[in-house]
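Protein chains: 2
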Amino acid sequence: MNTRTALLDAAEQALRSHGQNGFSYQDLSKTVGIRTASIHYHFPSKAGLIVALIQRYTADVLEALEDLGRSGSTAGQQLRDFVGIYRAALNDGRCLCLCVALLMAPDDVSADGLAEIHRFRAKELRWLERLFAQAQADGTIQNPQDPSAEAAACLALVEGAQINARANHDTAAFDTAVELLLSRTRG
Amino acid sequence: MNTRTALLDAAEQALRSHGQNGFSYQDLSKTVGIRTASIHYHFPSKAGLIVALIQRYTADVLEALEDLGRSGSTAGQQLRDFVGIYRAALNDGRCLCLCVALLMAPDDVSADGLAEIHRFRAKELRWLERLFAQAQADGTIQNPQDPSAEAAACLALVEGAQINARANHDTAAFDTAVELLLSRTRG
DNA sequence: GTCTATATATAGATAGAC
DNA sequence: GTCTATCTATATATAGAC
């Protein structure tokens, strides 16, 4: 196992659980098994580590969404899959989406990091808009409204649902919050 | 002006902007104009300060909701007012609801503080359930579903909308996210 | 690449003078 | 109630040996 990858994995888990200011090189040191000075060899600054983390995470999520878009599934099925991605990210109510976790303290994120996050969220919104436009055509989401309003509401809902779930360390709170949205899907 | 109140005000603003770990007694010292040792006279520990903050904040919000409930307004109007409270709390896209800001790092909140937050959120959900039950009777919210599912979705949505707004330091992002919900209100 | 040792900054908190 | 002075812990980060 690559040390750099192990560090990124440990940092991602810690950041999504405790926020950017909620973990230190000391914590990573214990998890990965090397001294803090050695971590600085791989990632000279914590800000740089976090930018690397954002790049890896957003690339993975965007690839998953592109795969979904190419799957040929109905809009309703893609919406269920999209919600499922955010549900799985919860990790039994302990974690948030990396970008949401970072946006809890936006002033502590480097300018580079923030720019990456904004690019990611803009792409995510465009993906959702395309989804709700498809829904107007295939009819697999009940009572479809303006795609851009639907997309913004959908993203805010799943992010709020994550916060609710982690507040109780309970995935069920997530399910309750998205129940209404999912009940609109047909086929 | 009471020093204790000035400290609470400064701490609330700082916490809602930067999170629990994003402000220090040093910061409060600069804002209020007394030394950090003097702050410890009013609030011996930071954890105690935060519990006091939660108590003041949740009491204020719950009182506002009770006033709304007694106002005799339609369910649609009360929902618009409810969303308006979360919108006003944004403070031009710089702040979150205190409890949401704290739930970003739940492990750093004292057991007392967490208990207060959970009590508050449970009451808020009950208030919303009552609202959506009223909507089924007075018909001022379109297409009403199960009140408890509506309540959970509504709370998650406004909280997610706050995060979206602060990500861009822009209240418009909040408005976009809640547009669909508000468009369901009639009269 | 990883280590020990260390530098530097800042955090929350306490003692005791005024 | 507020101050100066200080304690202790922890943070990010660097220098230089191995």
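If you read the sequences in order, they're chains A and B. At position 17 of the first sequence the residue is numbered 44 (my numbering), and the sequence of numbers has no breaks. At position 149 of the second sequence the residue is numbered 176 (my numbering), and the sequence of numbers has no breaks. Glycine included, each C-beta is placed from N, C-alpha and C at the ideal position.
Identify every residue that forms a DSSP beta bridge with residue i.
i, result
"residue 101 (chain A)", "Partner(s): none; residue 101 (chain A) has no beta bridge."
"residue 212 (chain B)", "B:168"
Decide if residue i is buried, meaning its Cβ has at least 16 other Cβ atoms within 10 Å, or exposed.
i, result
"residue 46 (chain A)", "buried"
"residue 91 (chain A)", "exposed"
"residue 133 (chain B)", "buried"
"residue 169 (chain B)", "exposed"
"residue 85 (chain A)", "buried"
"residue 53 (chain A)", "exposed"
"residue 32 (chain B)", "exposed"
"residue 93 (chain A)", "exposed"
"residue 97 (chain B)", "exposed"
"residue 99 (chain B)", "exposed"
"residue 183 (chain B)", "buried"
"residue 28 (chain A)", "exposed"
"residue 164 (chain A)", "exposed"
"residue 199 (chain B)", "exposed"
Do the CB positions of residue i and residue j come within less than 8 Å of each other?
i, j, result
"residue 238 (chain B)", "residue 30 (chain B)", "There is no way to answer for residue 238 (chain B), as the model of chain B reaches only from 28 to 214."
"residue 112 (chain B)", "residue 129 (chain B)", "no"
"residue 81 (chain B)", "residue 140 (chain B)", "yes"
"residue 83 (chain B)", "residue 201 (chain B)", "no"
"residue 64 (chain A)", "residue 50 (chain A)", "no"
"residue 235 (chain A)", "residue 142 (chain B)", "Residue 235 (chain A) falls outside the range modelled here, since chain A spans only 28 to 214, and no answer is possible."
"residue 120 (chain A)", "residue 211 (chain A)", "no"
"residue 101 (chain B)", "residue 214 (chain B)", "yes"
"residue 125 (chain A)", "residue 39 (chain A)", "yes"
"residue 158 (chain B)", "residue 106 (chain B)", "yes"
"residue 137 (chain A)", "residue 74 (chain A)", "yes"
"residue 117 (chain B)", "residue 189 (chain B)", "yes"
Give me the residue from the options with the minimum Cα distance to residue i.
i, options, result
"residue 166 (chain B)", "B:187, B:152 and B:104", "B:104"
"residue 127 (chain B)", "B:36, B:44, B:34 and B:204", "B:44"
"residue 207 (chain A)", "B:117, B:173, B:87 and B:152", "B:173"
"residue 55 (chain A)", "A:68, A:37, A:189 and A:180", "A:37"
"residue 48 (chain B)", "B:69, B:106, B:135 and B:35", "B:135"
"residue 88 (chain A)", "A:159, A:73, A:110 and A:190", "A:110"
"residue 58 (chain A)", "A:34, A:153, A:157 and A:175", "A:34"
"residue 156 (chain B)", "B:146, B:147 and B:181", "B:181"
"residue 176 (chain B)", "B:189, B:160 and B:72", "B:160"
"residue 131 (chain A)", "B:191, B:68 and B:70", "B:191"
"residue 148 (chain A)", "B:95, B:79, B:195 and B:73", "B:195"
"residue 185 (chain A)", "A:163, A:108 and A:71", "A:108"
"residue 171 (chain B)", "B:70, B:71 and B:209", "B:209"
Let me check you understand the geometry: is the CB of residue i closer than 7 Å to at least one non-hydrogen atom of the ligand ADP?
i, result
"residue 68 (chain B)", "In the structure on display, the ligand ADP does not appear, and there are no ligands present to speak of."
| message | As an exercise, report each continuous alpha helix (DSSP H) stretch of at least 4 residues that is fully enclosed by the segment 151 to 198 of chain B, in chain order. | response | Listed in chain order, the alpha helix (DSSP H) runs fully inside the segment 151 to 198 of chain B are 174 to 194, counting runs of at least 4 residues.
| task | Quick one: which unbroken alpha helix (DSSP H) runs of 4-plus residues sit fully inside the segment 61 to 119 of chain A? Chain order, please. | result | Counting whole runs of 4 or more residues, the segment 61 to 119 of chain A contains the alpha helix (DSSP H) stretches 63 to 69, 73 to 97 and 102 to 116.
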